[in-house]
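Report on the structure given below.
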Amino acid sequence: MTRALARPEWQALTQLPAKQTEGAALEARNWLSPGVEWTREQFNGIQPGKREDTFLVSQGFDVSGRWLARREAALKREEGGKAESEQRVAGVVAQVREAFYEVLVARERLARMEGSLARVGRFQERVDRLNQAGEMSGLDRGRVRREVELLRGREVVERSRRLQAEARLASMLGGAPGIPQGSLLPEPLTSLDSFVAEQPGAPSSRLAMAQESAAQADAKAAGRWFPELQLGLGVKRWQEAGLTGNGNVFSLGLTFPAPGRVKAARVKGEAEARAASAQARLQREQDSAELRALWQASVDLRASAERMAKEALADADRVEAALDAAFAAGEVDLLGRLDGARNLLESELAALDQAHSARRTRIALDRMLGKVNP
Numbered sequence: 023m024t025r026a027l028a029r030p031e032w033q034a035l036t037q038l039p040a041k042q043t044e045g046a047a048l049e050a051r052n053w054l055s056p057g058v059e060w061t062r063e064q065f066n067g068i069q070p071g072k073r074e075d076t077f078l079v080s081q082g083f084d085v086s087g088r089w090l091a092r093r094e095a096a097l098k099r100e101e102g103g104k105a106e107s108e109q110r111v112a113g114v115v116a117q118v119r120e121a122f123y124e125v126l127v128a129r130e131r132l133a134r135m136e137g138s139l140a141r142v143g144r145f146q147e148r149v150d151r152l153n154q155a156g157e158m159s160g161l162d163r164g165r166v167r168r169e170v171e172l173l174r175g176r177e178v179v180e181r182s183r184r185l186q187a188e189a190r191l192a193s194m195l196g197g198a199p200g201i202p203q204g205s206l207l208p209e210p211l212t213s214l215d216s217f218v219a220e221q222p223g224a225p226s227s228r229l230a231m232a233q234e235s236a237a238q239a240d241a242k243a244a245g246r247w248f249p250e251l252q253l254g255l256g257v258k259r260w261q262e263a264g265l266t267g268n269g270n271v272f273s274l275g276l277t278f279p280a281p282g283r284v285k286a287a288r289v290k291g292e293a294e295a296r297a298a299s300a301q302a303r304l305q306r307e308q309d310s311a312e313l314r315a316l317w318q319a320s321v322d323l324r325a326s327a328e329r330m331a332k333e334a335l336a337d338a339d340r341v342e343a344a345l346d347a348a349f350a351a352g353e354v355d356l357l358g359r360l361d362g363a364r365n366l367l368e369s370e371l372a373a374l375d376q377a378h379s380a381r382r383t384r385i386a387l388d389r390m391l392g393k394v395n396p
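For the record, in the sequence shown the residue sitting at position 356 is 378 according to my numbering, with numbers rising by one throughout.
Okay, structure coming up:
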């Protein structure tokens, strides 16, 4: 995960929302832009040559509170951008973890397939000896050979799956991942209450709250009706018939918003604020329900995978020996022996798949809470 997050490509993608909203917040923190004006008046007529130059610096002032409300909205969006970036980082971590465990389960499945092929291969050698001694028919020998070829074909499929999983992980890390090591079965979960307590601080929850606050601030800004104040200060120089002089200039301006536009902006802002609040409430309810479902699924899948692993993976050699003994004693025929080997393999693969499902569910739970170092 450290290698993946250190890549410039992932950093650029994950930090984009934070940088975008940070730039907008920096712009909103600045005062209204000042203006500089220069005018020249030339008079012609009875006394030609009269000229006046005016230099004026003007500055707008937010007396209505509209600028402060917009600034508040930008700051809230900045908080939301940071939360969204954290959410993206958690998403990248989840993708890397999923790719890592895809490699791990692919290697485990291939190892189980190779083990089953080796066991059936040893049984094939035994059948070949019995066939040469006249104690086994050629038809039975052919059945065993077909079973071996079937396992070899499945082995090729599993090896291809492992190569694809390793290639996907390498593309995310930007290099060869090495030999993965770890347990496919996730660690036991803490209580549900501890996960529920973490949910308000999750990036998705903070993002929804920030969007709601920003929409409310925008609605507040849209409802401001007081005109904008513009003050100016400068100097005036005049020239007439060889005489010159100068003086001070003071200006005051008011920009009145059209009543219809104020009402339209207020209606739009209030509607967007109500929608953002409703969206935040729905998001909280959905996240709460999904969190509880994922927690319960993770607990159930882990317990099931642990039981299956004890039954299938730990006793493979014992079951194989029992099958050989039963076949030698004539308690099971050839088809029963092959079915036993096939069932043993399927139970091993099913246990691995169940553990993988438990791990994927745990990854989804960690991603929902925005965990980067679970």
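Quick reminder that beta carbons are idealized off the backbone N, C-alpha and C, glycines included. Please read all numbers here as calculations on a predicted model, not as lab measurements.
In the DSSP annotation of this structure, the continuous segment of the alpha helix (DSSP H) that includes GLY103 starts and ends at 88 to 154. The straight-line gap separating the alpha-carbon atoms of VAL218 and LEU313 is approximately 8 Å. DSSP, read as helix, strand or coil, puts GLU44 in helix. DSSP places GLY256 in the strand class (E or B) of the three-state scheme.
Taken through DSSP and simplified to helix, strand or coil, LEU54 comes out as coil. A buried status is given to ILE385, since no fewer than 16 other beta-carbon atoms sit within 10 Å of its beta-carbon. Look at the beta carbons and you see the region 202 to 213 touching the region 121 to 129: at least three pairs across the two are nearer than 8 Å.
Taking 7 Å as the cut-off, the beta carbon of GLU342 is found no closer than this to the beta carbon of ARG134. Rounded to the nearest whole angstrom, the C-alpha separation of ASP75 and GLY245 is 40 Å.
In this structure the region 101 to 108 touches the region 34 to 45; the number of beta carbon pairs closer than 8 Å is three or more. The straight-line gap separating the alpha-carbon atoms of LEU360 and ALA189 is approximately 35 Å. Scanning its chain for C-beta atoms nearer than 6 Å, with the 5 sequence neighbours on each side dropped, one finds around GLN233 the residues GLY102, ALA298, in chain order. The beta-bridge partner set that DSSP reports for LYS72 consists of PHE65.
Relative to GLY267, the option among GLY275, LYS258, SER273, ALA380 whose CA is nearest is LYS258. Distance from the CA atom of THR61 to the CA atom of THR277, rounded to whole angstroms, is 21 Å.
Our two residues, TRP247 and MET231, have alpha carbons roughly 27 Å apart in a direct line.
Relative to the Cα of LEU211, the nearest Cα in the group ALA311, LEU387, LEU172 belongs to LEU387. A direct Cα-to-Cα measurement between PRO279 and ASN395 gives close to 52 Å. In the displayed model, PHE349 falls within a helix according to three-state DSSP.
The criterion of a C-beta distance shorter than 7 Å is satisfied by GLN64 and ARG73. Distance from the CA atom of VAL284 to the CA atom of ARG92, rounded to whole angstroms, is 15 Å. DSSP places GLY269 outside any alpha helix (DSSP H); the residue lies instead in the beta strand (DSSP E), whose first and last residues are 265 to 277. Where GLY291 is concerned, the enclosing alpha helix (DSSP H) starts and stops at 281 to 330. Annotation: ALA263 to ASN66 spans about 12 Å, alpha carbon to alpha carbon. In summary, THR43 is buried, with 16 or more beta-carbon neighbours lying within 10 Å of its beta-carbon over all protein chains present. VAL85 and GLN252 have their alpha carbons spaced roughly 10 Å apart. For THR383, the enclosing alpha helix (DSSP H) starts and ends at 356 to 390. Around ARG88, the same chain offers ALA243, ARG246 as residues with beta carbons nearer than 6 Å, after the five sequence neighbours per side are excluded. Comparing alpha carbon positions, the residue from PHE83, ALA34, ALA96 closest to GLU49 is ALA96. Straight-line spacing of the CA atoms in SER310 and GLU220 works out to 11 Å.
Per the DSSP secondary-structure output, GLY82 pairs in a beta bridge with GLN252.
Excluding its 5 nearest sequence neighbours in each direction, VAL58 has C-beta neighbours in its own chain below 6 Å: VAL79, listed in chain order.
Taken atom to atom, the span from the alpha-carbon of GLY254 to that of SER273 is near 5 Å. Per DSSP, the continuous alpha helix (DSSP H) segment holding PRO225 begins and ends at 225 to 244. The beta carbon of LEU371 is closer than 7 Å to those of ARG131, ARG134 in its chain, skipping five residues each way along the sequence. In the displayed model, TRP60 falls within a strand according to three-state DSSP.
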